[in-house]
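2 protein chains.
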Amino acid sequence: MSKAERTREFIVEKTAPIFNVKGYAGTSISDLTEATGLTKGSIYGNFENKDEVALAAFDCNYKKISSYLKAEMDKHSSYKEKLLVHASFYENFFKAPFPDGGCPILNTAIEADDTHPQLRERASEAITSWKSKIMELIKKGIDNKEFRSDVQLEQTAISLIALIEGGIMIAKLTGKLNYRKLIMQSVEKAINDLT
Amino acid sequence: MSKAERTREFIVEKTAPIFNVKGYAGTSISDLTEATGLTKGSIYGNFENKDEVALAAFDCNYKKISSYLKAEMDKHSSYKEKLLVHASFYENFFKAPFPDGGCPILNTAIEADDTHPQLRERASEAITSWKSKIMELIKKGIDNKEFRSDVQLEQTAISLIALIEGGIMIAKLTGKLNYRKLIMQSVEKAINDLT
DNA sequence: TATATAAAATACCGATCGGTATGTTTTTGT
DNA sequence: ACAAAAACATACCGATCGGTATTTTATATA
Chain A
90 MSKAERTREF
100 IVEKTAPIFN
110 VKGYAGTSIS
120 DLTEATGLTK
130 GSIYGNFENK
140 DEVALAAFDC
150 NYKKISSYLK
160 AEMDKHSSYK
170 EKLLVHASFY
180 ENFFKAPFPD
190 GGCPILNTAI
200 EADDTHPQLR
210 ERASEAITSW
220 KSKIMELIKK
230 GIDNKEFRSD
240 VQLEQTAISL
250 IALIEGGIMI
260 AKLTGKLNYR
270 KLIMQSVEKA
280 INDLT
Chain V
90 MSKAERTREF
100 IVEKTAPIFN
110 VKGYAGTSIS
120 DLTEATGLTK
130 GSIYGNFENK
140 DEVALAAFDC
150 NYKKISSYLK
160 AEMDKHSSYK
170 EKLLVHASFY
180 ENFFKAPFPD
190 GGCPILNTAI
200 EADDTHPQLR
210 ERASEAITSW
220 KSKIMELIKK
230 GIDNKEFRSD
240 VQLEQTAISL
250 IALIEGGIMI
260 AKLTGKLNYR
270 KLIMQSVEKA
280 INDLT
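For the record, the sequence lines run as chains A and V. Note that the working numbering has the first sequence beginning at 90, numbered continuously upward. Note that the working numbering has the second sequence beginning at 90, numbered continuously upward.
Structure, rendered in structure tokens:
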């Protein structure tokens with residue numbers, strides 16, 4: 090691993106939470122130099138421009154949540170338990186190892202959908218791939234006789250994601266623990282209803 | 090109505106969609122002068138600063154959607170039909186009279202939750218008031234024997250909002266009509282399950 | 001250890017940022 | 001119709017924006 094590669098990773102690691110908190114437009118180059126202790130010359134020596142840092146930051150933030158999900162799912166054998174990881178995913182969203190600022194998919198989606206095609210595409214792909222993953226789990230659960238055979242695959246998957254993301258927004262916005270609890274119960278209920 | 094009041098409203102009306110599309114940090118004063126055809130002096134003659142325009146813009150965007158909801162609900166007599174307005178609300182969200190840029194509550198929540206306390210508070214109040222309105226409708230529906238008596242009032246209300254807001258994010262982000270349709274069906278199903 | 005090379009710091013660029021002080025033009029009440 | 005006041009335009013402010021050219025420092029290799 091070369092010096093340049095290490096510095097690149099260092100910059101991304103330090104600045105990813107900033108982009109997630111302040112957004113793309115709200116994050117300045119001086120935010121990046123302050124967070125890293127490096128200078129502009131160093132940032133621009135390792136990245137083409139601000140866009141490239143932002144994209145790498147999204148990838149970093151996204152990887153944190155997707156690898157958490159995968160690792161937690163691997164701990165369970167039944168497909169119902171794997172799906173239920175989404176409830177704890179949601180419950181723990183505001184603690185480590187999740188990045189500050191809430192869900193990076195949601196944050197990026199809202200800011201970039203009308204303004205930044207590249208970031209938008211990243212977020213869009215994340216949603217689609219998440220949906221596919223859930224559909225796959227449900228399908229295997231059906232084959233495995235864990236779930237009913239008449240479950241609406243795609244509708245269940247995409248609606249579960251909508252519920253979780255909407256729930257993250259509400260919980261973070263209002264700070265009300267009770268809202269978080271209630272929505273988490275709905276997530277659990279939606280999964281229990283598959284059986 | 091004085092000239093100043095008319096100009097103030099004119100500025101808000103013209104700039105509200107810009108704030109909703111570009112966000113607070115992404116909208117500049119020159120965006121405001123371009124959209125209105127006015128000059129900086131005129132903007133700052135009617136508003137203290139950028140913040141004040143942004144807050145008025147949020148109020149304007151929020152009023153558009155809340156008055157739509159109220160007007161549509163008033164067209165129906167049963168509480169189930171009133172609640173089902175949320176499905177058409179969601180289905181029509183990307184056409185007039187809804188402001189460009191998606192749901193202003195959602196947009197403001199995501200950008201402002203860590204960065205702008207005043208805007209955050211506006212969005213937070215909007216969610217809480219929306220939840221109360223839904224709870225009230227369900228309660229009346231229960232008293233009216235339209236809905237089951239064991240419905241979880243607050244959980245149903247807050248989860249319905251989460252589903253809708255998450256759905257708006259996904260639909261706008263991916264542009265996939267099928268996702269929108271599927272989530273809308275989930276909204277309808279959640280309401281039908283109250284009976 | 002000397003030298004070539006890569007990486008980081010410095011210093012600077014024009015443009016735009018949010019905001020203001022000062023004119024000039026329109027309203028407004030009489 | 002007129003003066004006072006309000007509204008709007010112009011011109012400008014320092015600060016910061018994203019980005020670059022150049023110089024200094026660190027690293028790798030012979």
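No residue lacks a Cβ here, since even glycine has one placed at the ideal position from N, Cα and C. Quick caveat: nothing in here was measured; it's all calculated off a predicted structure.
Check, Outcome
"Looking at the secondary structure, which residues open and close the alpha helix (DSSP H) in which TYR268 (chain A) lies?", "266 to 281"
"If you follow the alpha helix (DSSP H) that PHE182 (chain V) is in, where does it begin and where does it stop?", "No alpha helix (DSSP H) contains PHE182 (chain V), which DSSP labels as neither H nor E."
"Okay, do the region 105 to 122 of chain A and the region 136 to 153 of chain A touch, 3+ Cβ pairs below 8 Å being the bar?", "yes"
"Does the separation of the CB atoms of GLY190 (chain A) and ASN281 (chain A) fall below 8 Å?", "no"
"Applying the 10 Å Cβ sphere with the 16-neighbour rule, what's the burial state of THR245 (chain V)?", "buried"
"Mind listing which residues of the region 121 to 147 of chain A have their C-beta closer than 7 Å to chain V's C-betas, in chain order?", "none"
"Between TYR268 (chain V) and chain A, is there a C-beta pair that is closer than 8 Å?", "yes"
"Could you tell me whether the region 264 to 283 of chain V touches the region 228 to 244 of chain V, using the rule of 3 or more Cβ pairs below 8 Å?", "yes"
"Between the region 93 to 124 of chain V and chain A, which residues of the former have a C-beta closer than 7 Å to a C-beta of the latter?", "VAL110, LYS111, GLY112, ALA114, GLY115"
"Taking THR96 (chain V) as the reference, which of V:THR125, V:THR197, V:ILE118 has the closest Cα?", "V:THR125"
"Could you name the residues of the same chain whose beta carbon sits closer than 6 Å to that of TYR151 (chain A), not counting the 5 residues immediately before and after it, in chain order?", "PRO193, ALA215"
"How many angstroms separate the CA atom of ASN196 (chain V) from the CA atom of GLY256 (chain V)?", "13 Å"
"Rounded to whole angstroms, what's the CA-CA distance from ASN181 (chain V) to MET273 (chain V)? Just pull it up for me.", "11 Å"
"According to a CB-to-CB cut-off of less than 7 Å, which residues of the region 235 to 248 of chain V neighbour chain A?", "GLU243, GLN244, ILE247, SER248"
"Any idea if LYS92 (chain A) is buried or exposed, counting beta-carbon neighbours within 10 angstroms, 16 or more meaning buried?", "exposed"
"Would you please verify whether the beta carbon of SER275 (chain V) is less than 8 Å from any beta carbon of chain A?", "yes"
"How is the alpha helix (DSSP H) around MET258 (chain A) delimited, first residue to last?", "242 to 263"
"By DSSP, does PHE136 (chain A) sit in helix, in strand, or in coil?", "coil"
"Report buried or exposed for HIS165 (chain V), applying the criterion of at least 16 other Cβ atoms within 10 angstroms of its Cβ.", "exposed"
"According to the Cβ coordinates, are LEU249 (chain A) and HIS175 (chain A) closer than 8 Å?", "yes"
"My output table needs one value for PRO188 (chain A): the three-state DSSP class, helix, strand or coil.", "coil"
"If you draw a straight line from the C-alpha of SER177 (chain A) to the C-alpha of THR128 (chain V), how long is it?", "52 Å"
"Give me the Cα-Cα distance between GLU277 (chain A) and SER119 (chain V), rounded to the nearest whole angstrom.", "48 Å"
"On the three-state DSSP scale, how would you describe PHE236 (chain A)?", "coil"
"Report buried or exposed for SER167 (chain V), applying the criterion of at least 16 other Cβ atoms within 10 angstroms of its Cβ.", "exposed"
"So the alpha helix (DSSP H) GLY115 (chain A) belongs to, where does it begin and stop?", "92 to 115"
"Assign ALA251 (chain V) to buried or exposed, taking buried as 16 or more other Cβ atoms, counted over all protein chains shown, within 10 Å of its Cβ.", "buried"
"Taking only the alpha-carbon atoms, compute the straight-line gap between TYR179 (chain A) and ASP239 (chain A) and give it to the nearest angstrom.", "27 Å"
"Quick check on ALA39 (chain V) - is its C-beta less than 8 Å from some C-beta in chain A?", "Nothing can be reported for residue 39 (chain V): it is not among the residues displayed for chain V, which extend from 90 to 284."
"Using the three-state DSSP reduction, which class does LYS164 (chain A) fall into: helix, strand or coil?", "coil"
"Determine, using beta carbons only, whether GLU200 (chain A) comes closer than 8 Å to chain V.", "yes"
"I need the straight-line Cα distance from GLU235 (chain A) to LYS169 (chain A), nearest angstrom please.", "7 Å"
"Within the same chain, show all residues whose beta-carbon is closer than 8 Å to that of GLU200 (chain A), passing over the 5 residues directly before and after it, in chain order.", "GLY112, TYR113, ALA114, LEU208"
"State the DSSP-derived secondary structure class of THR128 (chain V), mapped to helix, strand or coil.", "coil"
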